[in-house]
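Single-structure report; data block below.
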Amino acid sequence: MSKKNYAGIPDKYARLDDAKVVLIPVPYDGTSTWGKGADKGPDAFLEASENMELFDIETRTEVYKKGVYLAPPVTENSSPEKMVEAVHKTVKNYIKQEKFVTIFGGEHSISIGTIRAFNESFEDLTVVQIDAHADLRPEYDGTTCNHACAVHEASKKTNLIQVGIRSMDVSELDHMDENQVYWAHDLYEDWMDDAIGQMTPNVFITIDLDAFDPSILPSTGTPEPGGMFWYETLEFLKLMFKKKNVVGFDIVELNPNENERSSDFLAAKLYYKMLSYKFKYLNNNEDEDDE
Numbered sequence: 050m051s052k053k054n055y056a057g058i059p060d061k062y063a064r065l066d067d068a069k070v071v072l073i074p075v076p077y078d079g080t081s082t083w084g085k086g087a088d089k090g091p092d093a094f095l096e097a098s099e100n101m102e103l104f105d106i107e108t109r110t111e112v113y114k115k116g117v118y119l120a121p122p123v124t125e126n127s128s129p130e131k132m133v134e135a136v137h138k139t140v141k142n143y144i145k146q147e148k149f150v151t152i153f154g155g156e157h158s159i160s161i162g163t164i165r166a167f168n169e170s171f172e173d174l175t176v177v178q179i180d181a182h183a184d185l186r187p188e189y190d191g192t193t194c195n196h197a198c199a200v201h202e203a204s205k206k207t208n209l210i211q212v213g214i215r216s217m218d219v220s221e222l223d224h225m226d227e228n229q230v231y232w233a234h235d236l237y238e239d240w241m242d243d244a245i246g247q248m249t250p251n252v253f254i255t256i257d258l259d260a261f262d263p264s265i266l267p268s269t270g271t272p273e274p275g276g277m278f279w280y281e282t283l284e285f286l287k288l289m290f291k292k293k294n295v296v297g298f299d300i301v302e303l304n305p306n307e308n309e310r311s312s313d314f315l316a317a318k319l320y321y322k323m324l325s326y327k328f329k330y331l332n333n334n335e336d337e338d339d340e
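If you want my numbering, it's the 1-based position in the sequence shown plus 49.
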């Protein structure tokens with residue numbers, strides 16, 4: 050990965066000392082079992098971000114002026130376990146610097162390390178998983194650090210809420226609290242307030258891009274029919290940022306296709322929109338026009 054500023058922003062908004070946001074790329078694709086290519090996701094996301102308008106119409110903000118530091122990528126890939134350790138250590142380091150830490154993968158196994166770091170840093174953490182797959186296996190293909198195990202640890206150690214699920218193995222039911230699962234086939238019902246009500250004050254969001262319907266985001270390793278759409282997803286995200294202290298988030302599983310660039314741009318817009326919501330709805334109501 051070549052070193053550039055996130056979204057091509059001016060250097061004065063990209064320095065670590067001044068930036069309120071840290072973006073950590075993790076180009077890892079060591080355990081995926083079908084569509085390979087998630088290791089190319091961070092570069093595709095960053096390239097799309099450079100071609101994105103930086104004024105958010107809905108919030109009337111230019112959130113990049115809060116400062117976004119693009120960290121060196123986590124490139125450890127000698128084993129899934131060592132990758133998780135490296136992600137955990139890196140994320141924890143930036144949390145300790147009191148940054149709003151965000152991560153872009155890579156496959157979903159990277160979230161084991163990110164969630165572990167946030168759970169050690171924030172009390173009574175809720176993890177909101179927006180995903181097509183349950184990812185609750187204790188072990189898969191000889192490792193507990195497989196993409197199919199992405200939130201198993203979170204299910205035991207945090208308050209896990211799952212949204213958009215529509216594919217799983219029957220064995221995963223043993224590790225699932227179905228009272229906190231919002232199945233994709235039920236999302237036409239009134240569900241968002243119920244989900245918000247189950248969250249603790251501190252929330253970490255992990256988004257697997259296969260949560261989206263493949264009609265709007267086909268470039269992911271395991272696309273599943275019947276997924277979520279753009280505005281309903283934003284509505285839910287906005288509610289979380291307004292009502293809870295979102296302490297960080299990761300986005301994973303972009304599997305770029307050079308003949309289909311809209312998925313890259315959706316990922317870029319999603320990331321920027323989440324930053325826009327974060328700083329629009331901060332409890333301390335910071336000035337949105339910092340220079």
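Virtual Cβ for every residue (Gly too), placed ideally from N, Cα, C.
Self-check item: Validate contact between the region 112-124 and the region 318-328 using beta carbons, cut 8 Å, 3 pairs
Solution: Flag = yes, the region 112-124 and the region 318-328 touch.
Practice problem: Tell me the start and end of each unbroken beta strand (DSSP E) in the region 184-266 that is at least 3 residues and wholly inside, in chain order. | Solution: Positions of the beta strand (DSSP E) runs, each at least 3 residues long and wholly inside the region 184-266, are given as 208-214, 230-232, 251-257 in order along the chain.
Exercise. Please go through the same chain and pick out, in chain order, the residues whose beta-carbon is closer than 6 Å to the beta-carbon of Glu335, but skip the five residues on each side of it.
Key: Your numbering for residue 335 matches position 286 in the sequence shown. Confidence at Glu335 is low in this model, with a pLDDT of 41, below 50, so its placement is unreliable and no value can be given for it.
Quiz item: Excluding five sequence neighbours on each side, which residues of the same chain lie with their C-beta closer than 6 Å to the C-beta of Phe171?
Solution: Your numbering for residue 171 matches position 122 in the sequence shown. The answer, listed in chain order, is Asn251, Val296.
Exercise. Note down the Cα distance separating Leu65 from Leu174, rounded to an integer number of angstroms.
Key: As a first step, residue 65 must be located in the sequence shown, where it is residue number 16. As a first step, residue 174 must be located in the sequence shown, where it is residue number 125. Our two residues, Leu65 and Leu174, have alpha carbons roughly 26 Å apart in a direct line.
Exercise. Give the straight-line distance between the Cα atoms of Gly155 and Thr193, rounded to the nearest whole angstrom.
Key: Indexing the sequence shown from 1 puts residue 155 at position 106. Indexing the sequence shown from 1 puts residue 193 at position 144. Their Cα atoms are separated by approximately 17 Å.
Quiz item: In the structure shown, what three-state DSSP assignment does Met323 receive?
Solution: The residue given as residue 323 occupies position 274 in the sequence shown. In the structure shown, Met323 sits in a helix (DSSP, three-state: H, G or I).
Quiz item: Buried or exposed: where does Met248 fall if 16 or more other Cβ atoms within 10 Å of its Cβ makes it buried?
Solution: Locating residue 248 in the sequence shown gives position 199, where the first residue counts as 1. Met248 should be labelled buried.
Practice problem: Could you pull out every residue in the same chain whose Cβ sits closer than 6 Å to the Cβ of Ile179, ignoring the five residues on either side in sequence? | Solution: Position 130 of the sequence shown, counting from 1, holds the residue named residue 179. Excluding the 5 residues flanking it on each side, Ile179 has same chain C-beta neighbours closer than 6 Å at Val212, Gly213, Ile256, Ala260, in chain order.
Quiz item: Cα separation between Ser311 and Val117?
Solution: Position 262 of the sequence shown, counting from 1, holds the residue named residue 311. Position 68 of the sequence shown, counting from 1, holds the residue named residue 117. Linking Ser311 to Val117 through their CA atoms gives a straight-line distance of about 23 Å.
Practice problem: Compare the Cα-Cα distances from Val136 to each of Pro122, Lys148, Phe149, Gln146 and report the closest residue. | Solution: Taking the sequence shown and counting its residues from 1, one reaches residue 136 at position 87. Looking only at Pro122, Lys148, Phe149, Gln146, the smallest Cα-Cα distance to Val136 is reached by Pro122.
Practice problem: Using 10 angstroms around the beta-carbon of Thr80, count the other beta-carbons present and answer buried if the total reaches 16, otherwise exposed. | Solution: As a position in the sequence shown, residue 80 is number 31, starting the count at 1. It is buried - the Cβ of Thr80 has at least 16 other Cβ atoms within 10 Å.
Quiz prompt | Start-to-end residues for the beta strand (DSSP E) that takes in Thr151 | solution = As a position in the sequence shown, residue 151 is number 102, starting the count at 1. Start and end: 149-154.
Exercise. Just grab the DSSP bridge partners of Tyr118 for me.
Key: The count along the sequence shown starts at 1 and reaches residue 118 at position 69. DSSP lists Val71 as the beta-bridge partner residues of Tyr118.
Quiz prompt | Alpha-carbon to alpha-carbon, Gly90 and Ser158 | solution = In the sequence shown, the residue the question calls residue 158 occupies position 109. In the sequence shown, the residue the question calls residue 90 occupies position 41. In a straight line, the C-alpha of Ser158 is about 14 Å away from that of Gly90.
Quiz item: Between Val70 and Thr151, which are expected to be in contact by the criterion C-beta below 8 Å, what is the C-beta distance as a whole number of angstroms?
Solution: The residue you call residue 70 lines up with position 21 of the sequence shown. The residue you call residue 151 lines up with position 102 of the sequence shown. About 6 Å separates the two Cβ atoms, so the contact holds.
Quiz prompt | Whether Val140 touches Ala166 by CB criterion (8 Å) | solution = As a position in the sequence shown, residue 140 is number 91, starting the count at 1. As a position in the sequence shown, residue 166 is number 117, starting the count at 1. Taking 8 Å as the cut-off, the Cβ atoms of Val140 and Ala166 count as close.
Practice problem: Please name the residue or residues paired with Ile179 in a DSSP beta bridge. | Solution: As a working mapping, residue 179 is identified with position 130 in the sequence shown. In the DSSP output, where bridge partners are listed per residue, Ile179 has Val212, Ile256.
Practice problem: Would you mind sorting His196 into buried or exposed? The rule is 16 or more other CB atoms within 10 Å of its CB. | Solution: Counted from its first residue, the sequence shown places residue 196 at position 147. Burial call: buried.
Quiz item: What are the boundary residues of the alpha helix (DSSP H) that Gly297 is part of?
Solution: To locate residue 297, count along the sequence shown from 1; it is residue 248. Gly297 -> not in any alpha helix (DSSP H); beta strand (DSSP E) instead, spanning 294-301.
Exercise. Look at the alpha carbon of Pro263 and the alpha carbon of Leu95, and state the distance between them as a whole number of angstroms.
Key: The sequence position of residue 263 within the sequence shown is 214, counting from 1. The sequence position of residue 95 within the sequence shown is 46, counting from 1. About 21 Å.
Exercise. Would you kindly work out how many angstroms separate the C-alpha atoms of Gly272 and Thr207, rounded to a whole number?
Key: Within the sequence shown, residue 272 is the residue found at index 223, counting from 1. Within the sequence shown, residue 207 is the residue found at index 158, counting from 1. The sequence given here has Pro at residue 272, not Gly. Approximately 27 Å, taken between the alpha carbons.
Exercise. Whole angstroms is fine: what's the gap from Pro305's alpha carbon to Ile164's?
Key: Reading the sequence shown from its first residue, position 256 is the one you call residue 305. Reading the sequence shown from its first residue, position 115 is the one you call residue 164. Approximately 25 Å between the Cα atoms of the pair.
Self-check item: Per DSSP, cross-strand counterpart(s) of Glu309
Solution: On the sequence shown, position 260 is the one that residue 309 refers to. Beta bridge pairing from DSSP links Glu309 with Asn306.
Quiz item: Terminal residues of the continuous alpha helix (DSSP H) containing His137?
Solution: Position 88 of the sequence shown, counted from the first residue, corresponds to residue 137. Element bounds for His137: 129-145.
Quiz prompt | C-beta atoms of Ala120 and Ile73 nearer than 8 Å | solution = By 1-based counting over the sequence shown, the position of residue 120 is 71. By 1-based counting over the sequence shown, the position of residue 73 is 24. With respect to the 8 Å criterion, Ala120 and Ile73 are classified as neighbours on the basis of their beta carbons.
Quiz item: Going straight from the alpha carbon of Lys131 to that of Lys138, what length do you get?
Solution: The residue labelled residue 131 in the question sits at position 82 within the sequence shown. The residue labelled residue 138 in the question sits at position 89 within the sequence shown. In a straight line, the C-alpha of Lys131 is about 10 Å away from that of Lys138.
Practice problem: Using only alpha-carbon positions, find the residue among Lys293, Leu258, Ser268, Tyr280 that is nearest to Glu244. | Solution: Position 195 of the sequence shown holds residue 244. Per the sequence shown, the amino acid found at residue 244 is Ala instead of Glu. The candidate whose alpha carbon is nearest that of Ala244 is Lys293.
Quiz item: In terms of DSSP beta bridges, what is Asp16 paired with?
Solution: Outside the displayed range of the chain (50 to 340) lies residue 16, so it cannot be described from this structure.
Quiz item: Which of the three DSSP states, helix, strand or coil, is assigned to Gly65?
Solution: Walking along the sequence shown from the start, residue 65 turns up at place 16. For the record, residue 65 in the displayed sequence is Leu; it is not Gly. Residue state, collapsed to three classes: coil.
Quiz item: In terms of residue numbering, what span does the alpha helix (DSSP H) encompassing Phe278 cover?
Solution: Against the sequence shown, residue 278 aligns to sequence position 229. Neither: Phe278 is in no alpha helix (DSSP H) and is coded neither H nor E.
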